[in-house]
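Visitor:
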Amino acid sequence: MLKMIVCMKQVPMVTELPWDAKTGTLKRELSEGMMNPACKHALEAALRLKHEHKGHITAITMGPPMAEEILREAIAMGVDRCLMLSDKKMAGADTLVTSYTLARAIEIFCADFDLILCGCHTSDSETAQVGPQLAEELDIPGIAYVEDVQINSRIITIKRLSDNFLETLEMDMPGLITLTTRNYAPRYTPIAGLQDAFDEPNILVVSADDLGLDEAFIGISGSPTMILDVYSPTAQKKNIVMQGTPKKIVEELLERFDDRIGSVIRKDLKVEK
Amino acid sequence: MKEDKRSIWVFGDYRNYFQNRVTLQLLSRATDLAKEIDAEVCAVVFGHEVDEWVGEYIAHGAMRVYVTDHPSLKNYSSDIYVELMTRLVKEYKPEIVLVGATSFGREFAPRVSKILGTGLTADCIGLDINEKELLVQTAPAFGGNLLARIVTPEKRPQIATVRPGVFQEIPHNYEAAGKTVYVALPENLPNDRVRLISSLRQPAREQRIEDAEVVVCGGRGMGSRKKFRNLYELAKILGGEVGATRPVVYSDWAEDEALVGQADKHIKPKVLFSFGISGAIQHTAGITDADFIIAVNKNPHATMMKMADVAIVADAGQVCTALIRELKRRIRT
Ligand SMILES: Cc1cc2nc3c(=O)[nH]c(=O)nc-3n(C[C@H](O)[C@H](O)[C@H](O)COP(=O)(O)OP(=O)(O)OC[C@H]3O[C@@H](n4cnc5c(N)ncnc54)[C@H](O)[C@@H]3O)c2cc1C
Ligand SMILES: Nc1ncnc2c1ncn2[C@@H]1O[C@H](COP(=O)(O)O)[C@@H](O)[C@H]1O
Numbered sequence: 419m420l421k422m423i424v425c426m427k428q429v430p431m432v433t434e435l436p437w438d439a440k441t442g443t444l445k446r447e448l449s450e451g452m453m454n455p456a457c458k459h460a461l462e463a464a465l466r467l468k469h470e471h472k473g474h475i476t477a478i479t480m481g482p483p484m485a486e487e488i489l490r491e492a493i494a495m496g497v498d499r500c501l502m503l504s505d506k507k508m509a510g511a512d513t514l515v516t517s518y519t520l521a522r523a524i525e526i527f528c529a530d531f532d533l534i535l536c537g538c539h540t541s542d543s544e545t546a547q548v549g550p551q552l553a554e555e556l557d558i559p560g561i562a563y564v565e566d567v568q569i570n571s572r573i574i575t576i577k578r579l580s581d582n583f584l585e586t587l588e589m590d591m592p593g594l595i596t597l598t599t600r601n602y603a604p605r606y607t608p609i610a611g612l613q614d615a616f617d618e619p620n621i622l623v624v625s626a627d628d629l630g631l632d633e634a635f636i637g638i639s640g641s642p643t644m645i646l647d648v649y650s651p652t653a654q655k656k657n658i659v660m661q662g663t664p665k666k667i668v669e670e671l672l673e674r675f676d677d678r679i680g681s682v683i684r685k686d687l688k689v690e691k
Numbered sequence: 277m278k279e280d281k282r283s284i285w286v287f288g289d290y291r292n293y294f295q296n297r298v299t300l301q302l303l304s305r306a307t308d309l310a311k312e313i314d315a316e317v318c319a320v321v322f323g324h325e326v327d328e329w330v331g332e333y334i335a336h337g338a339m340r341v342y343v344t345d346h347p348s349l350k351n352y353s354s355d356i357y358v359e360l361m362t363r364l365v366k367e368y369k370p371e372i373v374l375v376g377a378t379s380f381g382r383e384f385a386p387r388v389s390k391i392l393g394t395g396l397t398a399d400c401i402g403l404d405i406n407e408k409e410l411l412v413q414t415a416p417a418f419g420g421n422l423l424a425r426i427v428t429p430e431k432r433p434q435i436a437t438v439r440p441g442v443f444q445e446i447p448h449n450y451e452a453a454g455k456t457v458y459v460a461l462p463e464n465l466p467n468d469r470v471r472l473i474s475s476l477r478q479p480a481r482e483q484r485i486e487d488a489e490v491v492v493c494g495g496r497g498m499g500s501r502k503k504f505r506n507l508y509e510l511a512k513i514l515g516g517e518v519g520a521t522r523p524v525v526y527s528d529w530a531e532d533e534a535l536v537g538q539a540d541k542h543i544k545p546k547v548l549f550s551f552g553i554s555g556a557i558q559h560t561a562g563i564t565d566a567d568f569i570i571a572v573n574k575n576p577h578a579t580m581m582k583m584a585d586v587a588i589v590a591d592a593g594q595v596c597t598a599l600i601r602e603l604k605r606r607i608r609t
């Protein structure tokens with residue numbers, strides 16, 4: 419039996435982002451959540467391995483109560499067991515602390531795992547750090563940006579494109595991989611399955627105390643990084659408006675921005691007067 | 277001597293040199309930052325027969341280079357490189373460590389920061405020093421729709437991975453004096469738990485839209501397949517690539533590869549033309565790194581027009597044709 423863990427995070431759906439483009443503030447609590455795309459690909463990879471090797475999958479997420487939705491979705495897609503780490507004390511965690519918290523939960527609730535699958539990065543924070551840091555925290559080998567994974571007699575073989583190199587790597591179990599979105603297009607979640615998943619009670623909700631976590635190491639207080647501010651880069655455009663006939667407009671455009679455009683295309687756009 | 281002078285370190289990522297010059301770009305930025313906190317700029321190089329890179333880094337601003345040169349380091353290995361790096365950092369205690377946000381760097385840096393128990397900011401597009409002498413790291417979130425400024429107030433070193441192409445390298449100076457510090461390969465290194473079976477360098481790809489300096493993007497507002505094809509002529513004159521929105525790709529006006537947006541195609545041209553595009557967030561998530569945006573739309577209130585440096589209120593097809601004509605007139609060959 420191949421025992422797998424998929425770490426997944428709920429991220430705001432980018433279409434629904436209630437953010438103010440002028441000030442760049444984001445009302446995160448108003449946005450709708452979805453399973454982070456790369457996590458979904460990781461789950462798909464796990465489901466295929468489960469099918470091939472008679473596996474068992476535990477899905478884990480750390481997040482607010484609402485993040486339970488993605489665990490329900492994961493059940494509908496085919497995971498066997500879910501773990502939800504939810505506690506106000508865990509809020510505001512950076513990646514160092516997230517990986518610490520996930521590792522403690524894994525040690526307590528699924529210590530005998532063979533393979534952990536993570537997404538390569540999340541679409542909100544985009545750090546791509548939690549996977550490698552979790553491997554480090556659990557002191558197991560890890561490989562990031564995996565595009566293909568095979569398992570044979572307890573050896574994990576992966577393929578990936580790392581910078582300009584097409585690599586084949588292997589490691590022994592237990593190990594951790596992070597998946598890109600290039601392969602393993604996720605299956606559709608059956609609507610009926612989704613309804614059933616919401617009826618199913620079996621999500622284990624775990625608090626910081628259940629994990630025996632030291633408050634100094636979790637949440638915002640345990641995080642070494644600090645966010646000074648968040649802003650929208652597009653809010654600062656000067657925005658020159660041009661109107662008129664197309665011919666007049668392009669003349670004006672190239673007259674005003676001949677240097678700006680010319681230097682990029684490496685051509686002299688000035689007309690001799 | 278060891279601890280009285282502060283230092284800024286740059287990880288020497290030479291595997292894809294000359295194409296990927298991020299290490300040189302970081303040495304350049306580190307040189308500016310070092311002036312503000314009175315620090316020494318150092319590079320760190322692991323590998324086998326790496327003298328060439330050591331010379332290159334000194335020529336581009338490194339005052340000191342720590343080198344571990346050994347046949348067993350011939351291939352990049354995150355396990356071993358992480359071990360070597362953390363040992364060096366513990367010994368010499370740099371203030372700041374900068375790593376290029378290559379695939380390798382983005383796997384390597386998180387593990388180094390984890391072992392050292394310090395903060396890491398990923399994929400930065402800006403680095404500055406503030407009045408408290410802290411490294412202010414600007415990093416994108418939500419596909420670049422938002423930028424966050426992040427500091428690591430207490431833990432050291434402050435570690436950042438930095439996106440290639442953000443900073444300008446300093447021209448080389450092969451007369452520059454720099455010290456080389458050879459660090460022997462430690463004897464008690466753990467085994468590499470990841471075994472390299474094969475590694476094939478891929479042929480350098482032809483220009484991809486992700487790397488293009490000029491991109492001409494078209495949306496449904498181009499009106500027809502025929503008019504859309506004019507964008508290819510415009511792109512050719514500009515030496516750029518054509519991008520498209522989803523409806524355009526679905527209508528087969530452009531091939532799948534041209535799709536720009538949230539999905540995965542993030543472009544970062546110096547000049548972006550946007551023709552007949554409304555500016556839905558799934559599309560704009562892919563263009564937030566464009567430097568200079570010229571948008572054409574009949575509707576002055578389209579989101580795309582608000583994001584633009586130059587917002588042209590007119591028919592997209594007609595502006596495209598007029599622009600081709602005007603460029604041809606100006607570029608005499
Ligand atoms: C899950 C999901 C993922 C998606 N991912 C992507 C993605 O990765 N990339 C992507 O591009 N889209 C994506 N989309 C689609 C996206 O939401 C928008 O529908 C799409 O970007 C709109 O394309 P458009 O601007 O070409 O068309 P429209 O929104 O139809 O805009 C056309 C624009 O052209 C203007 N116009 C019309 N006629 C003229 C004229 N004659 N001259 C000048 N202007 C004119 C109009 O004023 C309008 O602003 C995704 C959608 C979903 C739901
Ligand atoms: N709060 C979380 N709960 C569970 N898994 C997470 C969490 N945050 C990150 N991960 C995992 O780490 C991956 C990379 O996330 P990040 O480092 O935030 O880009 C994700 O795709 C998940 O697999």
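Same order as they appear, the protein sequences are chains D and V. This note's numbering puts the first residue of the first sequence at 419, with every later residue one more than the last. This note's numbering puts the first residue of the second sequence at 277, with every later residue one more than the last. For glycine and all other residues, C-beta sits at the position ideal for the given N, C-alpha and C.
Considering only residues of the same chain and omitting the five flanking positions on each side of residue 615(D), which have a CB-CB separation below 6 angstroms?
Guide: Closer than 6 angstroms at the Cβ level, and outside the excluded window around residue 615(D), lie 490, 493 and 494.
Visitor: Could you name the residues of the stretch 548 to 567 of chain D whose beta carbon sits closer than 7 angstroms to any beta carbon of chain V, in the order they occur along the chain?
Guide: Residues passing the 7 angstroms Cβ filter: 550, 551, 554, 555, 559, 561, 562 and 563.
Visitor: Would you kindly report the start and end of the unbroken alpha helix (DSSP H) that includes residue 444(V)?
Guide: It is not in any alpha helix (DSSP H) - residue 444(V) carries neither H nor E in the DSSP assignment.
Visitor: Counting only C-beta atoms, is residue 397(V) closer than 8 angstroms to chain D at any point?
Guide: By this cut-off, residue 397(V) is an interface position.
Visitor: Check whether the Cβ of residue 413(V) sits closer than 7 angstroms to any heavy atom of ligand 2, and report yes or no.
Guide: No, the Cβ of residue 413(V) stays beyond 7 angstroms of every heavy atom of ligand 2.
Visitor: Give the interface partners of residue 649(D) over in chain V, defined as CB-CB distance under 9 angstroms, in chain order.
Guide: Neighbours of residue 649(D) on chain V, chain order: 422, 423, 424 and 425.
Visitor: Under 7 angstroms from any heavy atom of ligand 2, does the C-beta of residue 513(D) make it?
Guide: Within the cutoff, so yes.
Visitor: Where does residue 418(V) fall in DSSP's three states?
Guide: Residue 418(V): helix per DSSP, three-state reduction.
Visitor: When the Cα atoms are used, what is the spatial distance from residue 684(D) to residue 639(D)?
Guide: If you take the alpha carbons of residue 684(D) and residue 639(D), they lie about 51 angstroms apart.
Visitor: Give the residues from the stretch 578 to 591 of chain D that approach chain V closer than 9 angstroms (Cβ to any Cβ), ordered along the chain.
Guide: Answer set for the stretch 578 to 591 of chain D: 578, 579, 580, 581, 582, 583, 584, 585, 586, 587, 588, 589 and 590.
Visitor: Where residue 531(V) and residue 553(V) are concerned, what is the direct C-alpha to C-alpha distance, given to the nearest angstrom?
Guide: Cα-Cα distance, rounded: 17 angstroms.
Visitor: Can you say whether residue 350(V) is buried or exposed, counting buried as having 16 or more other CB atoms within 10 angstroms of its CB?
Guide: Residue 350(V) is exposed by the Cβ-count criterion.
Visitor: Is residue 580(D) helix, strand or coil when you go by DSSP?
Guide: DSSP places residue 580(D) in strand when its eight states are reduced to three.
Visitor: To the nearest angstrom, how far is it from the Cα of residue 441(D) to the Cα of residue 479(D)?
Guide: Confidence is the limiting factor: at residue 441(D) the pLDDT is only 48, short of 50, which leaves the residue's position unreliable, though a coordinate-based value still follows. Residue 441(D) and residue 479(D): Cα-Cα distance of roughly 31 angstroms.
Visitor: Assess contact between the stretch 531 to 549 of chain D and the stretch 406 to 422 of chain V, defined as three or more Cβ pairs (one per stretch) separated by less than 8 angstroms. Is contact present?
Guide: Segments in contact, yes.
Visitor: Run down chain V in chain order and give the residues with a C-beta less than 8 angstroms from the C-beta of residue 431(D).
Guide: Per Cβ cutoff of 8 angstroms: no residues; residue 431(D) is ~10 angstroms from chain V at best.
Visitor: Near residue 386(V), what residues of its chain come up, given a Cβ to Cβ distance below 7 angstroms and the 5 sequence neighbours on each side ignored?
Guide: So the qualifying residues of the chain are 396.
Visitor: Identify the contact partners of residue 678(D) in chain V, using a Cβ-Cβ distance below 8 angstroms as the criterion.
Guide: Ordered by position in chain V, the residues that pass the 8 angstroms Cβ test against residue 678(D) are 547 and 568.
Visitor: Is there a C-beta anywhere in chain V that falls below 8 angstroms from the one on residue 665(D)?
Guide: At least one chain V Cβ lies under 8 angstroms of residue 665(D).
Visitor: For residue 570(D), which of 455(D), 431(D) and 470(D) has the nearest alpha-carbon?
Guide: Cα-wise, what sits closest to residue 570(D) is 470(D).
Visitor: Measuring CA to CA, which of 555(V), 464(V), 406(V) and 508(V) is closest to residue 646(D)?
Guide: Here the closest residue by C-alpha is 406(V).
Visitor: So what does DSSP say about residue 509(V), is it helix, strand or coil?
Guide: Helix, per DSSP.
Visitor: Could you say which of 602(D), 421(D) and 508(D) lies nearest to residue 466(D) if we only look at CA atoms?
Guide: The shortest C-alpha separation from residue 466(D) is found at 602(D).
Visitor: Quick one: does the C-beta of residue 535(V) sit closer than 7 angstroms to a heavy atom of ligand 1?
Guide: Checking every heavy atom of ligand 1 against the Cβ of residue 535(V), one is found closer than 7 angstroms.
Visitor: If you draw a straight line from the alpha carbon of residue 728(D) to that of residue 496(V), how long is it in whole angstroms?
Guide: Nothing about residue 728(D) can be reported from this structure: the residues present for chain D run from 419 to 691 only.
Visitor: Apart from the five residues on each side of it in sequence, which residues of its chain come closer than 6 angstroms, Cβ to Cβ, to residue 589(D)?
Guide: Hits under 6 angstroms: 559 and 574.
Visitor: Buried or exposed: residue 247(V), going by 16 or more other Cβ atoms within 10 Å of its Cβ?
Guide: With chain V covering only 277 through 609, there is no way to say anything about residue 247(V).
Visitor: From what residue to what residue does the alpha helix (DSSP H) around residue 664(D) run?
Guide: Its alpha helix (DSSP H) spans residues 664 to 674.
Visitor: Identify, in the order they occur along the chain, each residue of the same chain with its Cβ nearer than 6 angstroms to the Cβ of residue 424(V), setting aside the five sequence neighbours on each side.
Guide: Counting only Cβ-Cβ distances below 6 angstroms, and skipping sequence neighbours, we find 415 and 417.
Visitor: From residue 507(V) to residue 518(V), what does the alpha carbon distance come to, in whole angstroms?
Guide: C-alpha separation (whole angstroms): 7 angstroms.
Visitor: Classify residue 465(V) as helix, strand or coil using the three-state DSSP reduction.
Guide: In the structure shown, residue 465(V) sits in coil (DSSP, three-state: anything other than H, G, I, E or B).
Visitor: Compare the beta carbon distance of residue 564(D) and residue 597(D) with 8 angstroms and say whether it is the shorter of the two.
Guide: Yes, Cβ-Cβ distance for residue 564(D) and residue 597(D) is below 8 angstroms.
Visitor: Taking 7 angstroms as the limit between beta carbons, can you name the residues of its chain near residue 539(D), skipping five residues before and five after?
Guide: Contacts found: 456, 545 and 546.
Visitor: Checking contacts by CB at 8 angstroms: is residue 571(D) closer than that to chain V?
Guide: Judged by the 8 angstroms Cβ criterion, residue 571(D) is not in contact with chain V.
Visitor: Which partner residues of residue 477(D) appear in the DSSP bridge assignment?
Guide: In DSSP, residue 477(D) forms a bridge with 424(D) and 500(D).
Visitor: State the Cα-Cα distance for the pair residue 452(D) and residue 486(D), rounded to the nearest angstrom.
Guide: Each residue's alpha carbon lies about 11 angstroms from the other.
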